[in-house]
Each structure stands twice: as C-alpha cells, then as structure tokens.
Amino acid sequence: MPGQHFIRVDSVLPTNVNTPMFMNEGTMKLFRPDLENPGPADFEPVAQFMHVLPVGWVEPVDISNAVLFLASDEARYLTGLPLPVDAGSLLK
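So in the numbering used here, spot 60 of the sequence shown is number 60, and the numbers just go up one at a time.
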C-alpha cells in the first residue's frame, strides 16, 4: 500500500483554463457558431454558463497554485483527494 510509505495520490480537476488548448478559434466557433469570427469577449458569456462563479475560465496560475498546495507540507495528510479548481462547475 502506498500510504504506509507516505506516498500520497491526489488529483486536480480543472475547468476551462486560459491556455491555447481551450482558448482557440475552433473552441470559440464551437461554442459561438452564430458568429463568423468569435473572440474571447464573445465566448466568455457562454463559457460562464458552465460555472457557478461568474467567470468563463481560470488562469493557469490557479491550477499551479492548487498543485503547489497539494505538494506542500500543509497538505501532508491529504491523500485520495480530487481537488476541483472549477469555479463551481461540479455544482451544476
């Protein structure tokens, strides 16, 4: 068992993140097929619909901060934890 050796296994569950994987022309057109060339401002209201908090996406640093917390001494007794960084999308 990993636990007896203090090996911890947790996971970070991100929502939409402001990276090229999400913030790209194909994704924006998928969510806004009504517009010929949608941009982030056109896309944001639709992306906000997925969350409880009024944001369309989170920043990469938000995910990095969650990972740093899980790797820190402050989280030394957390294991088997799914940590949603999702602006409340799992609540919907």
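Idealized CB from N, CA, C, for every residue including glycine.
Residue i to residue j span [Cα, whole Å]
| i | j | result |
| --- | --- | --- |
| residue 50 | residue 84 | 14 Å |
| residue 31 | residue 79 | 36 Å |
| residue 70 | residue 27 | 30 Å |
| residue 95 | residue 75 | There is simply no residue 95 to check, as the chain begins at 1 and stops at 92 in what is shown. |
| residue 38 | residue 22 | 14 Å |
| residue 6 | residue 77 | 9 Å |
| residue 63 | residue 81 | 15 Å |
| residue 42 | residue 11 | 31 Å |
DSSP state of residue i mapped onto helix, strand, coil
| i | result |
| --- | --- |
| residue 89 | helix |
| residue 68 | helix |
| residue 61 | helix |
| residue 5 | helix |
Short CB-CB distance (under 8 Å) between residue i and chain D
| i | result |
| --- | --- |
| residue 37 | In the displayed structure, chain D is absent; only one protein chain is listed. |
Residues that DSSP places opposite residue i in a beta bridge
| i | result |
| --- | --- |
| residue 93 | Lying before the first or after the last residue shown, residue 93 is absent from the chain, which here runs from 1 to 92. |
| residue 83 | 12 |
N-terminal and C-terminal residue of the alpha helix (DSSP H) that residue i is part of
| i | result |
| --- | --- |
| residue 26 | 25-31 |
| residue 74 | Segment: none, residue 74 is in no alpha helix (DSSP H) and carries neither H nor E. |
| residue 43 | 40-48 |
Across the segment 8-17 and the segment 51-59, are there enough close Cβ pairs to call them in contact, namely three or more that are closer than 8 Å? yes
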